[in-house]
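A.B. asks: A single structure is presented below for examination.
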Amino acid sequence: MHNRMIKRHDQPSILIHWFNAACWFFLLATGLGLISNPALQPIVQWWPKLMRDLFGGGAALLKVHIIVGVVWAGIWLIFIIAGIARYTLPFLKQIMTYKLPRDIQWMIKKNIQMTLGYKNMARMVKLLGWNGEIPDQGFYNAGQKAAAVGMIAGAVVLVVTGVIMAISKVYLSSAQTPLVQWSITIHYMAAAVTFGILLIHIYMAAISSEERPAFISMFTGEVPEEYARHHHKLWYEKVDI
Amino acid sequence: MEKKLAMVIDSFACIDCKACQAACKEANKVPKGQWRNWIKTPDVEAVAKNGKRMLFQPGNCMQCEKPTCVEACPTGATYKDPLDGTVRIDRRLCIGCGQCLPACPYGARYRHPELKVADKCDFCAERRSNGLEPACVSTCPNKARVFGDLNDSGSMVRKLLETGNAVQIVNNKSNTDPHIYYLGDPGAKDWPVKAQMPSAFAFWKNLAGPVMKGFVGLSALGVGAMLVKQFMMPNDTPNKKDEGGNKDA
Ligand code: HEM
Chain A
0 MHNRMIKRHD QPSILIHWFN AACWFFLLAT GLGLISNPAL QPIVQWWPKL MRDLFGGGAA
60 LLKVHIIVGV VWAGIWLIFI IAGIARYTLP FLKQIMTYKL PRDIQWMIKK NIQMTLGYKN
120 MARMVKLLGW NGEIPDQGFY NAGQKAAAVG MIAGAVVLVV TGVIMAISKV YLSSAQTPLV
180 QWSITIHYMA AAVTFGILLI HIYMAAISSE ERPAFISMFT GEVPEEYARH HHKLWYEKVD
240 I
Chain B
0 MEKKLAMVID SFACIDCKAC QAACKEANKV PKGQWRNWIK TPDVEAVAKN GKRMLFQPGN
60 CMQCEKPTCV EACPTGATYK DPLDGTVRID RRLCIGCGQC LPACPYGARY RHPELKVADK
120 CDFCAERRSN GLEPACVSTC PNKARVFGDL NDSGSMVRKL LETGNAVQIV NNKSNTDPHI
180 YYLGDPGAKD WPVKAQMPSA FAFWKNLAGP VMKGFVGLSA LGVGAMLVKQ FMMPNDTPNK
240 KDEGGNKDA
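Chains A and B, in that order, give the protein sequences. For the first sequence, the positions run 0 to 240 when numbering that gives the first Met the number 0 is used. For the second sequence, the positions run 0 to 248 when numbering that gives the first Met the number 0 is used.
Structure (structure tokens):
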């Protein structure tokens, strides 16, 4: 059987994905650099110092963090609005549609298989009365859908709390400072949760050998037919080749 | 060697004339309704009862050795100046969240109504950079305020401390080791107000911080497990010879 290529991502999706990823790494690095308080800094104490040396002080670091954050959110806003029918709504529908028994089974089986292998997974899920086969998935699998929902929720919280902090010095009164204080804490939490999801996302996409074709498709836009049939069968059966 | 700037204030010499407050406002353009320094007056009735002379307790930011305001700032926008030991505010890094305000037991901080950032006494940093003493010190008609470097063994503040008569006024539960010392019976040495960590800060430090680290740690652990598995079982495939899927799970 010859392995034809199937279109998976178009150019605008690929561009916004990598623009988003670049912004994310930059904002993560500079954001961590803003937390110089030793009681709060989650990684290492020298990171804030390194970032401040790199950008010319804490005030400059804050400035670039805000500027890149605003550019990131602004480009997204344009993409979301301009692409409402073509990208936004179909994507949201895609990631928010779950076939429950199937997707739960997929989540449990896939997680065990990814860490312990097919044989052990089959043995373990037998206890639940299931067979050892991983249920077929659509354009995105259950893990990708859940991750996407988490990342979007995280992004929304980050934007809202980020805007509150950014306008604190311009518009907010002393009576409104509790809002700013909680925004700082919640901004941190949203970034941490998203980062936790991202670790898995990046492992699956860039390191896991099974998903290598998907990684390549995030540049070329195409996946081999064999990959689509194996990993996203319900989608594969619907696309015309 | 770095300096440790401090003040020694003689309560006997203070006559509550408020010249220091006026001079400070003028020198630092302190906005209306706010003060960077103060003079505490004792309870008149208590004084009348025990027949003691009225004593005044002038104060301002104490440039503490262990500043709780700095501990409450996430970004280091308020920080201890490594060169002179004063507690400073970087107005461009400060976003005016106000968490340092209750963190100061002395109430030395306020949120600047126009700039919307934290503000307080910095021992007149601008005047000092021009070789002048803080405005409150220069202006005091009775020379109740002595200003200098505690690390300089020849300084007046150091000599006054060496007399052993100077005291700090601190709250027992949040001793910040202030660098304002008092002579001449300034009243109770026990400061009534405790430093308060704002709830959003305490929540981050005590709960959100560890929980988030745990969450990211678990995620990293999962990635680690998958990595190990990928190396241990490079050819992990489903039992069945087909593509390993079933449609009606
Ligand atoms: C080195 C970093 C990254 C790599 C290698 C990467 C890789 C990929 C790949 C290959 C896909 C397509 C998967 C498929 O076709 O099935 C994808 C989708 C996606 N990526 Fe990334 N990505 C990275 C960073 C990010 C970041 C930082 C975010 C968001 C904060 C993100 C959010 C998404 C989302 C929401 C999708 C849609 C599908 C899903 O949820 O998996 N990615 N990524």
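Beta carbons are placed, not taken as given, at the ideal position from N, Cα and C, and that holds for glycine.
Is residue 7 of chain A close to the ligand HEM? I mean its beta-carbon at under 7 Å from any heavy atom of the ligand.
C.D. replies: Your numbering for residue 7 of chain A matches position 8 in the first sequence. Indeed, a heavy atom of the ligand HEM lies less than 7 Å from the Cβ.
A.B. asks: Of all the residues that make up the segment 16 to 38 of chain A, which are near chain B by a beta-carbon distance shorter than 8 Å?
C.D. replies: Within the segment 16 to 38 of chain A, the qualifying residues are 33, 34, 35, 36 and 38.
A.B. asks: Is it buried or exposed for residue 136 of chain A, if we count other Cβ within 10 angstroms and need 16 for buried?
C.D. replies: Taking the first sequence and counting its residues from 1, one reaches residue 136 of chain A at position 137. Classification for residue 136 of chain A: buried.
A.B. asks: Can you tell me where the alpha helix (DSSP H) with residue 11 of chain A in it begins and where it stops?
C.D. replies: If you number the first sequence from 1, residue 11 of chain A lands on position 12. That run of the alpha helix (DSSP H) goes 10 to 33.
A.B. asks: What did DSSP end up calling residue 15 of chain B once you bin it into helix, strand or coil?
C.D. replies: One-based indexing of the second sequence puts residue 15 of chain B at position 16. The answer is coil: DSSP assigns residue 15 of chain B none of H, G, I, E or B.
A.B. asks: For residue 198 of chain A, which residues in chain B fall below 9 Å Cβ to Cβ?
C.D. replies: Position 199 of the first sequence, counted from the first residue, corresponds to residue 198 of chain A. Those are 215, 218, 219, 221 and 222, listed as they occur along chain B.
A.B. asks: Along the segment 170 to 184 of chain A, what residues have a CB closer than 9 Å to any CB found in chain B?
C.D. replies: Against chain B - using a Cβ distance shorter than 9 Å - the residues of the segment 170 to 184 of chain A are 170, 171, 172, 173, 176, 177, 179, 180, 181, 182, 183 and 184.
A.B. asks: Is it buried or exposed, residue 172 of chain A, if we count other Cβ atoms within 10 angstroms and call 16 or more buried?
C.D. replies: Against the first sequence, residue 172 of chain A aligns to sequence position 173. Result: exposed.
A.B. asks: Answer with yes or no whether the minimum CB distance from residue 97 of chain A to chain B is below 8 Å.
C.D. replies: Locating residue 97 of chain A in the first sequence gives position 98, where the first residue counts as 1. No, residue 97 of chain A lies away from the interface with chain B (no Cβ there is under 8 Å from its Cβ).
A.B. asks: Whole angstroms are fine: how far does the CA of residue 70 of chain B sit from the CA of residue 11 of chain B?
C.D. replies: Against the second sequence, residue 11 of chain B aligns to sequence position 12. Against the second sequence, residue 70 of chain B aligns to sequence position 71. Going by the C-alpha atoms only, they are around 34 Å apart.
A.B. asks: Compare the C-beta of residue 230 of chain B against all C-beta atoms of chain A and say whether one is closer than 8 Å.
C.D. replies: Locating residue 230 of chain B in the second sequence gives position 231, where the first residue counts as 1. With 8 Å as the cut-off, residue 230 of chain B does not count as an interface residue toward chain A.
A.B. asks: Starting from residue 37 of chain B, trace the alpha helix (DSSP H) in both directions and tell me its first and last residue.
C.D. replies: Position 38 of the second sequence, counted from the first residue, corresponds to residue 37 of chain B. Per DSSP, residue 37 of chain B belongs to no alpha helix (DSSP H); it is in the beta strand (DSSP E), 36 to 39.
A.B. asks: Can you list, in chain order, the residues of the segment 48 to 77 of chain B whose Cβ is nearer than 8 Å to any Cβ on chain A?
C.D. replies: Within the segment 48 to 77 of chain B, the qualifying residues are 70, 72, 73, 74, 75 and 76.
A.B. asks: When you compare only the Cα positions, how much space is there between residue 236 of chain A and residue 200 of chain B?
C.D. replies: As a working mapping, residue 236 of chain A is identified with position 237 in the first sequence. As a working mapping, residue 200 of chain B is identified with position 201 in the second sequence. So the two alpha carbons sit approximately 52 Å from each other.
A.B. asks: Specify the secondary structure class of residue 55 of chain B as computed by DSSP and reduced to three states.
C.D. replies: Translated into positions along the second sequence, residue 55 of chain B becomes position 56. Coil, per DSSP.
A.B. asks: Could you tell me if the beta carbon of residue 110 of chain A falls within a distance shorter than 7 Å of some heavy atom in the ligand HEM?
C.D. replies: As a first step, residue 110 of chain A must be located in the first sequence, where it is residue number 111. The answer is no for residue 110 of chain A.
A.B. asks: List the whole-angstrom C-beta distance separating residue 21 of chain B from residue 149 of chain B, where the pair is believed to meet the contact cut-off of C-beta under 8 Å.
C.D. replies: Taking the first residue of the second sequence as 1, we reach residue 21 of chain B at position 22. Taking the first residue of the second sequence as 1, we reach residue 149 of chain B at position 150. Contact doesn't hold; Cβ gap of about 28 Å is too wide.
A.B. asks: Please go through the same chain and pick out, in chain order, the residues whose beta-carbon is closer than 7 Å to the beta-carbon of residue 65 of chain B, but skip the five residues on each side of it.
C.D. replies: Sequence index remark: in the second sequence, residue 65 of chain B carries index 66 (1-based). 175 and 176.
A.B. asks: Report the residue from B/228, B/72 and B/55 whose alpha carbon sits nearest the alpha carbon of residue 184 of chain A.
C.D. replies: Numbered from 1 along the first sequence, position 185 holds the residue referred to as residue 184 of chain A. For residue 184 of chain A, the nearest C-alpha among the options comes from B/72.
A.B. asks: Under a CB-based cut-off of 8 Å, is residue 41 of chain A close to chain B?
C.D. replies: For the purposes of this step, residue 41 of chain A is identified with residue 42 of the first sequence, where counting begins at 1. Interface residue, yes.
A.B. asks: Could you spell out where the alpha helix (DSSP H) holding residue 226 of chain A opens and where it closes?
C.D. replies: Along the first sequence, one-based indexing puts residue 226 of chain A at 227. That run of the alpha helix (DSSP H) goes 224 to 230.
A.B. asks: Identify whether residue 240 of chain B lies in helix, strand or coil by the three-state DSSP scheme.
C.D. replies: Walking along the second sequence from the start, residue 240 of chain B turns up at place 241. Any answer about residue 240 of chain B is weak, because its pLDDT of 47 lies below 50 and its placement is not dependable; what the coordinates show is given next. The answer is coil: DSSP assigns residue 240 of chain B none of H, G, I, E or B.
A.B. asks: Could you tell me how far apart the beta carbons of residue 31 of chain A and residue 204 of chain B are, in whole angstroms, since I believe they sit closer than 8 Å?
C.D. replies: Residue numbering aside, residue 31 of chain A sits at position 32 when the first sequence is read from its first letter. Residue numbering aside, residue 204 of chain B sits at position 205 when the second sequence is read from its first letter. That pair is no contact at about 16 Å.
A.B. asks: Thinking C-beta only, is residue 68 of chain B closer than 8 Å to residue 35 of chain B?
C.D. replies: To locate residue 35 of chain B, count along the second sequence from 1; it is residue 36. To locate residue 68 of chain B, count along the second sequence from 1; it is residue 69. For residue 35 of chain B and residue 68 of chain B, no; Cβs fall outside 8 Å.
A.B. asks: Return the residue from the list A/138, A/139 and A/107 that minimises the CA-CA distance to residue 129 of chain A.
C.D. replies: Counted from its first residue, the first sequence places residue 129 of chain A at position 130. Looking at the Cα atoms, A/107 is the closest of the given residues.
A.B. asks: Taking CB distances under 8 Å as the criterion, tell me whether residue 163 of chain B reaches chain A.
C.D. replies: Looking up residue 163 of chain B in the second sequence gives position 164. With 8 Å as the cut-off, residue 163 of chain B does not count as an interface residue toward chain A.
A.B. asks: Looking at the strands, I want to know which residues DSSP matches up with residue 5 of chain B.
C.D. replies: Locating residue 5 of chain B in the second sequence gives position 6, counting from the first residue. Bridge partners of residue 5 of chain B: B/147.
A.B. asks: Could you name the residues of the same chain whose beta carbon sits closer than 6 Å to that of residue 33 of chain B, not counting the 5 residues immediately before and after it, in chain order?
C.D. replies: The residue given as residue 33 of chain B occupies position 34 in the second sequence. Closer than 6 Å at Cβ, skipping near neighbours: 109.
A.B. asks: Please report the straight-line C-alpha distance between residue 102 of chain B and residue 188 of chain A, rounded to a whole angstrom.
C.D. replies: For the purposes of this step, residue 102 of chain B is identified with residue 103 of the second sequence, where counting begins at 1. For the purposes of this step, residue 188 of chain A is identified with residue 189 of the first sequence, where counting begins at 1. Taking the straight line joining both Cα atoms gives about 23 Å.
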